[in-house]
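In the numbering used here, the protein residues as written are 143 to 434. A virtual CB, placed ideally from N, CA and C, is assigned to each residue, including glycine. No experiment lies behind these values; they were computed from the predicted model shown. Please read the structure below before turning to the comments.
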Amino acid sequence: MNILDGKATSKAIQQEIAAEVAERTSKGLKTPHLAAVLIGADGASQTYVNSKVKACERCGFKSTLVQRPADISEEELLQIVDDLNNNDDIDGFIVQLPLPKHINEQSVVNAIRQSKDVDGFHPASVGKMVLNLPTFLPATPYGIMQLLERYDVPTQGKHAVVIGRSHIVGSPMSILLSKNGAPGNCTVTLTHSRTKNLEEITKTADIIVVALGVPEFLKADMVKDGAVVIDVGITRVEDASTPKGYAIKGDVAYDEVAPKCSFITPVPGGVGPMTIASLLKNTLLAAADKPA
Ligand code: NAD
């Protein structure tokens, strides 16, 4: 069993990005600048945004955090998006999801200028991804593809089963794994809450990507020997024995599944850090070769 170490791989990618940023600036090119918009005070969202901002600093990017209370109107938020679209110093930006219920998330995502859409959630970015054209790929699936690539995990002709069909993880993951490329060329089954006989399907999988948000959902008897298991789940579970009062759980019953696997991602330290590395790669792409 091999561990797909997302923490170490993300660190290596961030070092590569930092070297590229130093080279860019020495050539008189612009320092990449990422902005993040955080609405409300949700603990998990705050943690994610903070780690994105810190990673920007490590790589020599500029970063801007725009923070507003949860009662912001949709109109005010759309104005912030418009300002970021028109701010030439900002190469790319993200609006951290989920947004408060009274705001239409899709309207906000649609308002982001596609050339600055480093989360890859804009319909035009999604369309380009489906057509296998160069674009910003959604950070989590992009991170998983990089992990598969860097560990040379065989994918061609393999049966990949994706559990969960969200717009940010499951659906794009199914598209990227099936694309004609390396990694890719998988035969993909996309499963979801209405799928019948899930266990029968997962038992035939060479690669399983689990992204549903139910701690320890994937059990050993759902996995065949030698499978590759990618655990996307991040759920905070109460745990009085930890200083924070909670533990982070993945969607895989790791202790029983890992011994059967050829490769597996741990939680934490697997997919999560790769998501951040991908966002930075997208921002570098957005900065392209703009002069300082
Ligand atoms: P979501 O809640 O939007 O979607 C969950 C999906 O799971 C749905 O498509 C649903 O049909 C499916 N599902 C629910 N119950 C099921 C069942 N019993 N059998 C089969 N499918 C079922 O989830 P999401 O936003 O994709 O997030 C999934 C998990 O991944 C969450 O724990 C989230 O926190 C985590 N996540 C992690 C990262 C990361 O960087 N590691 C990024 C995004 C999301």
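- The straight-line gap separating the alpha-carbon atoms of P408 and D147 is approximately 7 Å.
- Take M287, set aside five residues on each side of it, and the residues of its chain with a beta-carbon closer than 7 Å to its own are L318, P325, in chain order.
- Of V352, D259, D231, K149, the smallest CA-CA separation from A281 is found for D259.
- Per DSSP, the unbroken alpha helix (DSSP H) holding A429 starts and ends at 413-429.
- Straight-line spacing of the CA atoms in D213 and N327 works out to 45 Å.
- In the displayed model, I232 falls within coil according to three-state DSSP, outside both helix and strand.
- For the set A434, A428, C201, the Cα lying nearest the Cα of Q256 is the one of A428.
- The ligand NAD never approaches V191 closely enough for any of its heavy atoms to be under 7 Å from the residue's Cβ.
- Take the alpha-carbon of R336 and the one of R307: they are about 11 Å apart.
- Look at G262: its beta carbon is at least 7 Å from all of the heavy atoms in the ligand NAD.
- Using a Cβ distance threshold of 8 Å, I343 and V303 count as a contacting pair.
- In terms of Cβ geometry, E216 and S249 form a close pair [threshold 8 Å].
- The C-alpha of T377 lies about 10 Å from the C-alpha of A186.
- One Cα belongs to I418, the other to K194, and the distance between them is close to 6 Å.
- In the DSSP secondary-structure assignment, Y388 is bridged to E380.
- L360 sits in a strand when the DSSP states are folded into three classes.
- Closest by C-alpha distance to T331, out of I350, E165, N322, is I350.
- Closest option to D367, judged by alpha-carbon separation, among D381, G375, K345: K345.
- Pairing L207 with A253 gives a Cβ-Cβ distance that is not under 8 Å.
- A distance below 7 Å between beta-carbons, with the five flanking residues on each side excluded, links V272 to the following residues of its chain, in chain order: I317.
- Our two residues, T425 and C198, have alpha carbons roughly 10 Å apart in a direct line.
- Ranked by how close their Cα comes to the Cα of N274, the residues E247, G234, G323, N228 have G323 in first place.
- When secondary structure is reduced to three states using DSSP, V352 falls in the strand class.
- Per the C-alpha coordinates, the member of K391, L289, Q238 positioned closest to F263 is Q238.
- Excluding five sequence positions before and after Y284, the CB atoms of its chain that fall closer than 6 Å to its own CB belong to S420, given in chain order.
- C201 carries a coil assignment under DSSP once its states are collapsed to helix, strand and coil.
- The alpha helix (DSSP H) runs of length 4 or more contained entirely in the segment 249-298 are, from start to end of the chain, 265-272, 281-292.
- In the structure shown, R166 adopts helical secondary structure according to DSSP, grouped into three states.
- Around the beta-carbon of A395, 16 or more other beta-carbon atoms lie within 10 Å, marking it buried.
- Distance between A161 and K423, taken at the CA atoms: about 13 Å.
- For I305, there is no enclosing alpha helix (DSSP H); the residue is found in the beta strand (DSSP E) stretching over 301-305.
- Straight through space, the alpha carbons of F203 and D397 are spaced by roughly 38 Å.
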